[in-house]
Each structure stands twice: as structure tokens, then as C-alpha cells.
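Asks: The structure that follows is given in the form of C-alpha cells.
Protein chains: 4
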Amino acid sequence: MATKQYKVGIVGATGYTGVELMRLLSQHPFASVVVATSRSDAGVALADMFPSLRGHTDLCFTVPDVGALAQCDIVFFATPHNVSMKMMPELMQAGVRVVDLSADFRLRDVAVWEHWYNETHACPELLAEAVYGLPEIYRAGIEQAQLVACAGCYPTSVQLGFWPFLKQGVLQERGLIASAATGVSGAGRQAKINMLFAEANDSYSAYGASGHRHTPEIEQGLTAAAGKPMQVTFVPHLVPMIRGIQATLYGQLEDPSISNEQLQRIVEDFYSASPFVDVMPWGSHPQTRSVKGTNMCRIALHRPQGRDTLVVLSVIDNLAKGASGQAIQCMNLMLGLAEDAGLTAPALLP
Amino acid sequence: MATKQYKVGIVGATGYTGVELMRLLSQHPFASVVVATSRSDAGVALADMFPSLRGHTDLCFTVPDVGALAQCDIVFFATPHNVSMKMMPELMQAGVRVVDLSADFRLRDVAVWEHWYNETHACPELLAEAVYGLPEIYRAGIEQAQLVACAGCYPTSVQLGFWPFLKQGVLQERGLIASAATGVSGAGRQAKINMLFAEANDSYSAYGASGHRHTPEIEQGLTAAAGKPMQVTFVPHLVPMIRGIQATLYGQLEDPSISNEQLQRIVEDFYSASPFVDVMPWGSHPQTRSVKGTNMCRIALHRPQGRDTLVVLSVIDNLAKGASGQAIQCMNLMLGLAEDAGLTAPALLP
Amino acid sequence: MATKQYKVGIVGATGYTGVELMRLLSQHPFASVVVATSRSDAGVALADMFPSLRGHTDLCFTVPDVGALAQCDIVFFATPHNVSMKMMPELMQAGVRVVDLSADFRLRDVAVWEHWYNETHACPELLAEAVYGLPEIYRAGIEQAQLVACAGCYPTSVQLGFWPFLKQGVLQERGLIASAATGVSGAGRQAKINMLFAEANDSYSAYGASGHRHTPEIEQGLTAAAGKPMQVTFVPHLVPMIRGIQATLYGQLEDPSISNEQLQRIVEDFYSASPFVDVMPWGSHPQTRSVKGTNMCRIALHRPQGRDTLVVLSVIDNLAKGASGQAIQCMNLMLGLAEDAGLTAPALLP
Amino acid sequence: MATKQYKVGIVGATGYTGVELMRLLSQHPFASVVVATSRSDAGVALADMFPSLRGHTDLCFTVPDVGALAQCDIVFFATPHNVSMKMMPELMQAGVRVVDLSADFRLRDVAVWEHWYNETHACPELLAEAVYGLPEIYRAGIEQAQLVACAGCYPTSVQLGFWPFLKQGVLQERGLIASAATGVSGAGRQAKINMLFAEANDSYSAYGASGHRHTPEIEQGLTAAAGKPMQVTFVPHLVPMIRGIQATLYGQLEDPSISNEQLQRIVEDFYSASPFVDVMPWGSHPQTRSVKGTNMCRIALHRPQGRDTLVVLSVIDNLAKGASGQAIQCMNLMLGLAEDAGLTAPALLP
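Protein sequences, first through last, are from chains A, B, C and D.
Per my numbering, residue 264 is the first one in the first sequence, and the count goes up by one each step.
Per my numbering, residue 264 is the first one in the second sequence, and the count goes up by one each step.
Per my numbering, residue 264 is the first one in the third sequence, and the count goes up by one each step.
Per my numbering, residue 264 is the first one in the fourth sequence, and the count goes up by one each step.
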């Protein structure tokens, strides 16, 4: 290819979203990773930590350095929350364009952020500037943004499922339920006893049922969709699988006389120009494995017993459309590339 | 032990509920399996089909025969639906006491049964006589019953979670949601492509979301609990694990001023005499593995963000409390034994 | 791309090697699938059977037809054994070039084939013409071949591990052991009770230990490598994972004074021009997940306690380098393309 | 029961062998756990750490205290190596009988121990006194012992498989191979990144192939069996399952004219009085799940292609017969109880 190769930096590349960025970008026709940082593993070759990258990169982790990052066309933050907000002012001043996969700039209301993350936000002045990285909704804003705050994994699956219906006002304000489930990689590549194979395998449970940090992010989105304050009951569950999120969404229909065809058309029309949302035929049951390793969100509708409750099933890969894939989708928009550049491979199945 | 050994027969012992009955009864102090039938595998030693039973039984499968079964103190049907109803009249006449793990006698309304199971019921006249095998609710009836129709797996987890609150009238009639998930053994020991390891592992999805046969059974129970017709939106999901069901139940509180303590007390009081329901402290997250191989149901309550929605988490082992364990619990009551005889081993963990 | 798109046909595309060919070829820059056959599912859209292919192909399965296949530049057989040999003469006459993923043409000795596969070979006259599809060994032959008999999954992992050492004569003739393990997808997409999730998960066992069909294929290769008749004790095991094969190979060193460095150099030199064999540093432990979805074979050497036994660890993805990836590698050579065209994506990890 | 209840103490009860002792002893007719220690978790209720124990014990962890332990009839050490040897002299002096599940007293040669465990042994003077806890071999010694050093998990499976044949001298001295595989619980309940579900699932690999600490323990045993110094090549593998070990053992027959029947009789005769070794029919393939949660070892023989290599398949549950079950079996012998008291439940299957 004779085309320009954009230079990419990754801050915090030792986690699962980091190695997923490396995997996906290794296949990107127009972008190459030139910096990958890790404070704790500086000097280590990426391919030594992740043998799957042997033959795909010669990079070593380096200590994060604004000067080096400023040479990049795009910098991804694949860090836990509370890291990017500390480096962001300097990077913004240096004119770097950033896609932040962490939660630091997702919430517009600093008080809400500080309540749920239980600390003081380091640069609230940038919150207003950050564009929320959910391209199906904020495509135009992302194209122009200097700072994109990539949507979270659960919030992506829940918002994409509910948005068209709230936008159209077909669901009642009360009684929205998001019962969702994630694979274990959502907990990150950190040594925790409860994420050991011997603990997490062959079991299933809810967690964070009394209140999870993704709730305010979801409600911020649903409020924007509905044009009025919205609440949701969100209960996440842990599934013994590596990747994947399914959100099972329940809403009470405002007008029970609405037909299934009308409901199906609402969601199909809404995503007609979105290459990464696949609306399946009415009554389908999307499997998380059908999107494994891809940037797709698959959605299907049900109306149990033909009654007044709409059920929306929405599946994504938490590390791809729920994180690194979506981040690259945002990058593509920011750089004026095809939205799906480097993101076209089908899921690994079986 | 110098005590009487009751004689037990199992019809259809080649499936998962059959081998689970064998496993549990091998440890029962007062009962021994003397007949295990299978039309297709007559003559085969049980221990050849299930090497886990080597050293625990010398039985061979036999063709089902009413005469042989009539010698038993208790006969279990571990068959698919549509089998027991054909043999039942003859067994009833022979005076045999039966615990039927299949769905044939669970619904009291024959029309509803025929609608959901899509065939004519072979002996509707026995439906009224059958006692529903959910001992926490129908203990007295089970003790006297000749025919017990053991509650289904999902219905057990959902009813045990909702019942105390519907009984007390603290939940609104509209908006009951049961979002539930099961391990793969729930599909039985039958060769189906979609239950292959390579299909079911590392994935998660809903199934039967537009209407599942357990819905009418659940609604029959919730109606009895509330004393008025109740509907529920029930969506089951498939989890890549062998055993376990979690029901995540959502209900809107009738009176939002009710306290968490009051809600907790309702469920604790209701199950105070039930050895197999363990009400965990408010805000707990029961794991299915904590009940693996046991007859326990663990329940915990949440009220996300302190709002008006009550969340009840209810876990069981689908093959134990959801089938064979519950069947033995019913047998114990029918024979006047301790309710927990042979059912006291803790879960296998890890 | 302005380049020629070669037309590809797949016979028997409903199994796992079929859908893997579809997945990999959807990313191939110079080849497109134009025919996918299935007798039983003719008329069904591939994307309906495999939702992971939604958006990647509009093909429907068709009844196998020599005329349609003859229009293809390459035809893959992704069928069980005993199918391709029946269609092969006609296809050969039609001048079609074929890569056969089945076992029909792997063994050069028809008597051996008929012994292990327990039936009469339908066209023994083509056995001599078929080139064995293990490109690291038979690259030149494959480039010219009309009929390539793709190496089996276990035989690939075992031969690639042993070959350099037998070629160099550093291992004793007696005492070769291949203790290997596979993921469950190796059993194919067929409804078998013993491959159910509830049967295969959370367990491990050997199978076919008294004699497995891959033994003669392996011995044919090792004999070629050593230049004299070789025997091996081959015991396969089943692992509760979807994809992956590890062969753990044991050989007694002919001359115990050989150094580890010499052993390492033998294998590195042998594969220096092979893009899909990655020789890891001495003492590494390759994981099957490091090659998941890729055409790589990773090899590492050990010499426990510095004694006289060489241990070779060799991992592949059974569906990729063990089947469909290797088939495409063969196709690339046959068509004069870069050997790694369409096969460069890194493994999905985690 | 009017029988004596022996008092049991467990040192280090927060790990997997600790909770497995609790699970098994909760069903033991003649023993009750009265002390469970943990330095780090003193004060915590066992049932809070392991919800599977809710309703089965009211114990809280306590700081290890020789006085309290001295009140017990038996004390188990379920600690990592390097702990028990520090407390042992004091306990021995207090007259306590101890079953040590750790590696501290398994090797009779202190130099070998110090080489493999890389530290100074704290009380080498007790090594000679310790009886090796493999009851099938050392039953009489264990009955009299004050200190039993329970056999390791791999060593149990490998020794039980090889012993009868080495004892009878039917295998050649050279070329013994033990290719074994374990579930993840073998790594213990410790937060390690490589044991995370997202790392260990859907993958398979060897580990410790250049030298594993269980090798000297195995060779000490095989040397005792053969009555002359024996070496073995031992390569362990990690399987994505929670419990289970399979050892696949390869030996070259000394006299190829020995019949399969003779080989089968050797192993059947050897274990005729051992309730926990189940010799399956010739050519069987024992599955680890067939012993899950039990103290059984299942063994089966093969002779691939009828040649000169004997293959012994041996499966155990690493936490039961490989640790806590075997420890209780030793305790039963020490206390003069039936060898299988409390250990008779069949495996959880599926």
C-alpha cells in the first residue's frame, strides 16, 4: 500500500484492551503502533508478554512520555480509570488527539463522576470538551473531536439496544430493566482470587447488583436518547467465558397496539447507516460467540407471549465493540478513514 | 443401620436426572434403588454407562414393567414429558406412590398444558389429584400425596424467589421480570448440535425469549402466591457451565417506603422452617457453584440505588433442587422421613 | 485491489473446517468463495447456519455439482473421509485443482488405508499422484500438484516437531512417544453425546489409546523423515477447550553428548524459511491459545533434568494449521501467491 | 450415632485442600473439625469465605496455636511447603498425630529436598520418622505413624499406575515416561495472573517441562517399587478444568511375549484389597470426571498396535485422592477406622 501510515501510541498496553488494540491494529491498513507504554514493564518486549504477538511487533514497553506520545497521530489510553485524566491536559496542549478507553471522561457531570469513582476528578475542565465515543450516536462529533471518551462495555450494549426505542418514545418511562452478563476478561488482566479459573469456572452469579459504576453512564445516555431524565435498573452478571457481553433489556410498551413490524422497523431504520450494528430478524437469539473478536453489535427483538413487554437482546465483544474495536472505529472517524478500516474480519467460530 | 430400607424404582434412568437420582440415593440412609428402567438400553449395566457409579451399583437397566415397579415404595419418573402420563393410571391403580420429575402433571389446567406441549394429555383425570412438588410451599400436601408432580428447574428458582413477596403483597402486579440462566445440563443428555461443547462453550445467549414452556408453570405458582392472576416476563439464557440456575427477579415495590429490613424479614420469616432455602444477608451475591450438587436454594435481596425496584437473586442446582434433589426431598416427606435425609452433603467447591 | 480474484469452491461447507475456510478466505486478498456445497442443507444461506458470517457472504449451500466446481480455480474438500475419493476422478479429469482436507488421499499405501478406514478405497490409482499437504516439507511438490492431500491435525503437530531431529538422525529409533491433546472441535460438528458440553467439560481423558487412525499417517511421515521405517506410540487426549492441539513428543537421544544449543539449532535451521513455524527459545512452554485462529505452529524444546530424553512441545490450532489454514497455505503455493497471503492475523488472545 | 467423634484440626484452611477437607469431613461419621487456622484471616467465619459451607460449620479461622492443636486427635497441614516443618517438632513433642499435605516431609533425602525446594530444611531429623502417605503401598506404616507425609497429587497418580509393573519387573529400566495433566485447582487459591480464567481457559500447555518438583518424589517411589534406582521423564500439563489429574504412563516391556491378560492380572492382583483403586477393563479410557470429588483412582491399560509399549492411564481428583481425600484415608488408618469412612460418595456427574 502506498497510503499514509498513521502513527499510534498506546498508554497502558499490558492489559486486555491493550493487547486487543495491538491485535486489531496489526491488521489495520493505515495505522501502525509506534509507542506502547507501561510503567511497570518498561523494557519488556510486547511479544514476550503476549506470545500471540510474536512475529507481529518488535516493540518494547516504554515509560509513558508526553514527548514520545506527542509524535503520534492518535494516542489510546488503555488504562484503568484515574490515569488518563492526569496526563490529559498536557497531551491536549501538545495537540495530540486522544481516544480514552477508560472511564475518566465519560460522565459530563463531575459530581456524578466523583460520587461513583470516589475521588476528585483531576481535570473537570476537559469534561465538556470530551466527545462520548459511541459512534452510532455521536459520529459527527467524534470526527471533529480532539478527545474521545470511549463508551464503556456494558453501556455500549445497553444504549445501542434501548436508544432507538427511547428516541421514538415507544417505551414507558418507568420499569426499564437491563439484565446483562459479561465474560471474565471484563475484569481485566489483574491477579484477583475471584477471577481465578478455579473460582470463576462452572459458576454464574450477579455482582454489583446494588449499584454498579456503569449505571450513571447508561442513564446519561438513555436520558439523552429520551430527551428527558431516565432511570434504569441495571444488574450485571459474570459468565464463565472469556469474552462477550449480552444485555437483555426489558421495557414496557407505551402503546400496546404497536405491531412487531413497527418495532422492528424502528431499530432497523435507526441503524441503517451503521456498519457495526446488525439487526437480526425478529425473534432471533444472538450469541456472544457470533461477535467474538469483532466490532459488531447484534440486536434482536422479542415480545414474550405477545404482551406489553418489549425484550431487546444485544450482544457485543466486551474487548472489541465494548473497548478496543470501538476505539479504533472512533480513530477511523477522527482520521477521515473508512469507519470499518481494519475491523472487517468475521468472528472466530467455533 | 437397623432401619427399614425403602425400595425405589427409577423410570428413564439414562438421563441426567436419572444418574443424579442414582448418585444422591447411593448416599441415602433409608432408600435403595432396586429397579432402573430404560427401553433403549435394557441389559446394560448402569455402571457401564456411567463409570462414576462403578462400585456403587450392580443394577442393569430393564424394560419398564408395571409389575416390577409396583414392588417399589416409591417410583421416580426421570423421563421427558409425555411418558409418565401414559403409565400413570396403571401405577396409581396398583397403589404405587410416584414422584414425577417430568412436566406431565405440573399444570392444573389441561388446556394450558396441551397448548404449550402441543399434544393431547393422556390422563387429564389425574391432574387434580397430583400435588405440585415444591415442598417449601406444599409440604403438607406432598406428605399425603400418591402422585407428586415435581416442580421444574426454572419454576423452582423463580417461585421460591418471588413467593414470599407476592404472598405479602409488596410487589406491584405489573412489571414482574424473571431473567434467568441455566447450565447446559438442563438440555438433557441428548445428542443435539447446539449443545456440543464446541457450540456452547465460550458463548452466552438467550433462548426461548418469545415464549418458554416454563412460563405457564411459573405463572400458575405466582398466581397461587398472590391470590390473583399474575403474569411474568420470563427470559431464559444458556451459560457455558454444566450445572446451576440463577434467577434474577425484578419487581416494582407497591409501597416505596418499605424498608430493606422489612423486605429481608419477609423472606427470612417465610423460609424459617425450610432447611433447603438459605436466605443470605442483604446485598449478597449467591453463586451457582455454592449449591452445586446440593438441594439448596440460596436467595439474596438488592434494591439498586435504593429505588423502587426489588431485585431477588435465587440460585439452585438445576439437577438437584431443580430436579432429583427436590424429588428425594418429596420422597422423604411422603415416607415420613426427615426432610433432609440423604441430602446433607455440602457443595463441591472449587 | 486490481488483482485477480481466484474462484474457490468448498465441498461440505457445513462442518467446522468449512466455516473456518469461509472465515479465513473472507480476509484473503486474492481468493473468493463462489460455491459452497452441502447435500443436506442445499438452499440454506451460509449466514443463517453460521451467524458469524452475516455480512460476509450471501452464498447459499448448493448440491455438489462437478460442473459448478469445475469453474473454480481451487476446490477444497471439507468432508469426512470417504467422500472426496468418490468425486475425485471426475474432478481430476475436468482439470480442477483440489485441496482435500479429508483423509482419503493421505496414505500412499492403499492396504494401510483400507485397514484403518475399514473400507475399500474408491480410486487407489490417484494415491500416487496426490501430494501430501505439509508445506514445510513438500513445498515444491505442492506448488505443482493438481491434488493435495492436506495433512491431518495431529499428524501436522507431531511431524513438524519430530521431523528435523529424525532427518538429522539424533533420535534413537526405539521409544518415540507422541502424547498429544486436542480441543473438542476436532470431533467435528456432529451430534454425539460424548461431545456434549455437559459430557466434555471439566474432564480430561485419553481416547483411541489402543490405536488411532492418525498413527499410520504419522508413521508414514516419520519414516520419510528418517529414511528408514519408524514406529511411534501415539496417544491422543481430549481437552475441554474448543480449538488447539498440543503434541508432547519424547525421543531418546542417540548421542547424549549433543548440546542443547545444537538441538535448538537443528530445529531453527530446518524452519528458517518457513513463515508458519515459530521456534521459541529453549525451555519455552507454548500455549495453544497463542496460535488460536492462526496458521502458526509454535515449537519449543526441553531436556528434563539434562538427561537423555528430548522433549519437543508443538502447538497448532487444529482447525487452522491442522486443517483449513494449512489448506489455504497449500492453495497459496499452488496459485503462486505469497505463502502467507490471507493468513497473517495474530491469535485472538485472551 | 453414639460413636466417638474424633477431634480434627486443620492448619491453613483457607486454600483448596483446606476447604476440601472441610467438605469431606462434614460427611465423616466419626470425625469433626474443631480448629481451623489461618494467620491472615483469623476471626473470619469459614462459611463467609466459602459460602458452600453455610449451614455446615460455625467455625471461625483462628491463629495457629500449638496448645489448641494439641487437643486434637489429628491435625492436618493444608499449607504450602515450608510451613509445617517449622511447627512440627513442637507438635510431635506434644504427642499430636499429624497428616501433612505439604511437601515438607515427603522426600527422605534432605539434600534432594533442599535442592528442589531451594531452602534449608527446618527439621531434617523428622524425615526418617515420617511415613509416606500413599496407603495402597504403606498401609501398615501409616496405621502406626505419628507423622504422615501425604503423597503429592501427580506422584499419587504416577506411582499408583507404575508401581505394580515395576514391582513385577515387567518394564525396562530405561524410557519411562509420565505425561500428565492437571486441572487448575492444582495451582492453589492464590492470585496469579496466569491462573486467571481469561488466561487459563480455552488453552492447553505443558509447564515445568525442564524439571518439576514432583519428579524426585516420583523417582523416590519408583525406586522403592523396582528395588533399584529408577528415573522417569515427567512432563506436566495444564488443562482448563477445575479438578482432575490424568497420568499417561509409557513403559517399554521387558519381555514382549507377555500377554495383555498377564499385564491386566498384575495390576488387578496388586490392588485387590485397595478400595480406592478401580482397575477398569483392558482398553478402557478413564475420565477425570468419573472421580471428581472422590478418593478413587481409576486405572486402565493399553498396548498400542499390540507392540512393546505398555500404556497405563491413571486418573484421580487432585484435591481428593491427590490431597484431602488421601489425607482422610490416612487418618482413618491411623485411628483404626474403616479405610473408606466418610469417603464413599460417588463422583458428581455430570
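Glycine included, C-beta positions come from ideal geometry on N, C-alpha and C.
In this text the structure is predicted, and so the values were computed from the model without any measurement.
Contact check, Phe340 of chain B vs Val274 of chain B under 8 Å by CB: the rounded distance?
Replies: Confirmed, about 5 Å.
Asks: Between the beta-carbon of Ala472 of chain A and the beta-carbon of His384 of chain B, is there less than 8 Å?
Replies: Against a cut-off of 8 Å, the Cβ pair of His384 of chain B and Ala472 of chain A comes out as no contact.
Asks: Under 8 Å: do the stretch 327-342 of chain B and the stretch 276-290 of chain B share three or more Cβ pairs, one atom per stretch?
Replies: Touching, yes.
Asks: Mind pulling the chain C residues with CB within less than 7 Å of Gly556 of chain A?
Replies: Within 7 Å Cβ-Cβ: Leu611.
Asks: Nearest CA to the CA of Asp544 of chain B: which residue from B:Ser468, B:Gln525, B:Arg552 and B:Asn558?
Replies: It is Pro, not Asp, that sits at residue 544 of chain B in the sequence shown. If we check each option's Cα against that of Pro544 of chain B, B:Gln525 comes out closest.
Asks: Going by DSSP, what residue range makes up the alpha helix (DSSP H) through Pro427 of chain D?
Replies: Segment Cys416 to Lys430, the alpha helix (DSSP H) holding Pro427 of chain D.
Asks: Going by other Cβ atoms of all chains shown within 10 Å of its Cβ, with 16 needed for buried, is Gly599 of chain B buried or exposed?
Replies: So Gly599 of chain B ends up on the exposed side.
Asks: Cα-Cα, which of B:Gln592, B:Met594, B:Leu612 and B:Asn581 is closest to Pro418 of chain B?
Replies: Minimum Cα distance to Pro418 of chain B is reached at B:Asn581.
Asks: Name the chain A residues whose beta carbon is nearer than 9 Å to that of Pro503 of chain D?
Replies: Result: Phe460 and Asn464.
Asks: What residues of chain C sit near His548 of chain D, judged by a beta carbon separation below 7 Å?
Replies: Near His548 of chain D (Cβ distances below 7 Å), the residues of chain C are Ser468, Ala469, Tyr470 and Ala472.
Asks: Relative to the alpha-carbon of Thr300 of chain C, which residue among C:Leu309, C:Ser442 and C:Ala294 has its alpha-carbon at the smallest distance?
Replies: Closest by alpha carbon: C:Leu309.
Asks: Please check the pair Ile400 of chain A and Trp426 of chain A, which I expect to be a contact at CB under 8 Å, by giving their CB distance rounded to whole angstroms.
Replies: About 7 Å separates the two Cβ atoms, so the contact holds.
Asks: Determine, using beta carbons only, whether Ala265 of chain A comes closer than 8 Å to chain D.
Replies: Legend: pLDDT at Ala265 of chain A = 48, less than 50; position of this residue unreliable, no value from coordinates given.
Asks: In chain order, what residues of the same chain lie with their CB nearer than 7 Å to the CB of Glu479 of chain D, ignoring the 5 residues before and after it?
Replies: Per the sequence shown, residue 479 of chain D should be read as Pro rather than Glu. Result list for Pro479 of chain D: Leu370, Val375 and Trp379, in chain order.
Asks: DSSP beta-bridge partners for Ile508 of chain C?
Replies: Looking at the DSSP assignment, Ile508 of chain C forms a beta bridge with C:Thr445 and C:Ile579.
Asks: For Arg552 of chain C, does the count of other Cβ atoms within 10 angstroms reach 16, so buried, or fall short, so exposed?
Replies: Buried, since its Cβ has 16 or more Cβ neighbours within 10 Å.
Asks: Inspect the beta-carbon positions of Ser365 of chain C and Ile579 of chain C and report whether they are closer than 8 Å.
Replies: The answer is no: Cβ separation not under 8 Å.
Asks: Please classify Asp363 of chain A: does DSSP put it in a helix, a strand, or coil?
Replies: Looking at Asp363 of chain A - three-state DSSP - the assignment turns out to be strand.
Asks: Which of the three DSSP states is assigned to Cys413 of chain B in this structure?
Replies: If DSSP states are grouped into helix, strand and coil, Cys413 of chain B belongs with the strands.
Asks: Strictly under 8 Å for the Cβ-Cβ distance: is His319 of chain A near chain C by that measure?
Replies: Chain C contact via Cβ: present.
Asks: Using the three-state DSSP reduction, which class does Gly272 of chain A fall into: helix, strand or coil?
Replies: In this structure, Gly272 of chain A counts as strand in the three-state DSSP scheme.
Asks: Reducing DSSP to helix, strand and coil, say where Pro499 of chain D ends up.
Replies: Of the three classes helix, strand and coil, the one that applies to Pro499 of chain D here is strand, per DSSP.
Asks: Should Ala265 of chain C go down as buried or exposed, given a rule of 16 or more other Cβ atoms within 10 Å for buried?
Replies: Only weak support exists for where Ala265 of chain C lies, its pLDDT of 48 falling under 50; the coordinates are left without a value.
Asks: Do Val298 of chain A and Met285 of chain A come within 8 Å of each other at the CB atom, strictly closer than that value?
Replies: Taking 8 Å as the Cβ cut-off, Met285 of chain A and Val298 of chain A do not qualify as a contacting pair.
Asks: Give the DSSP-derived three-state secondary structure of Tyr401 of chain C in the structure shown.
Replies: Note: Tyr401 of chain C maps to helix in three-state DSSP.
Asks: List the DSSP bridge partners of His565 of chain D.
Replies: His565 of chain D is bridged to D:Val574.
Asks: Quick one: Cα of Ser468 of chain C to Cα of Val502 of chain D, how far?
Replies: Looking at the two C-alpha atoms, the distance is approximately 11 Å.
Asks: Which word fits Asp518 of chain D, buried or exposed, when buried means at least 16 other C-beta atoms lie within 10 angstroms of its C-beta?
Replies: Asp518 of chain D comes out exposed.
Asks: Residue range of the alpha helix (DSSP H) that Ser295 of chain B falls in?
Replies: Element bounds for Ser295 of chain B: not the alpha helix (DSSP H) but the beta strand (DSSP E), Ala294 to Thr300.
Asks: Extract the residue ranges of the beta strand (DSSP E) inside the stretch 511-567 of chain B, only unbroken runs of 3 or more that lie entirely within it.
Replies: Entirely contained in the stretch 511-567 of chain B, the beta strand (DSSP E) runs reaching 3 residues are, in chain order, 540-542 and 560-565.
Asks: Checking contacts by CB at 8 Å: is Ser587 of chain C closer than that to chain A?
Replies: Ser587 of chain C does not count as touching chain A.
Asks: Assign Leu485 of chain C to one of three DSSP states: helix, strand, or coil.
Replies: Helix, per DSSP.
Asks: Should Glu602 of chain D go down as buried or exposed, given a rule of 16 or more other Cβ atoms within 10 Å for buried?
Replies: Result: buried.
Asks: Cα separation between Leu332 of chain A and Glu388 of chain A?
Replies: For Leu332 of chain A and Glu388 of chain A, the distance between alpha carbons rounds to 22 Å.
Asks: Near Pro609 of chain C, what residues of its chain come up, given a Cβ to Cβ distance below 7 Å and the 5 sequence neighbours on each side ignored?
Replies: Here the set comprises Thr557.
Asks: Counting only beta-carbon atoms, is His565 of chain A nearer than 8 Å to chain B?
Replies: So, interface residue.
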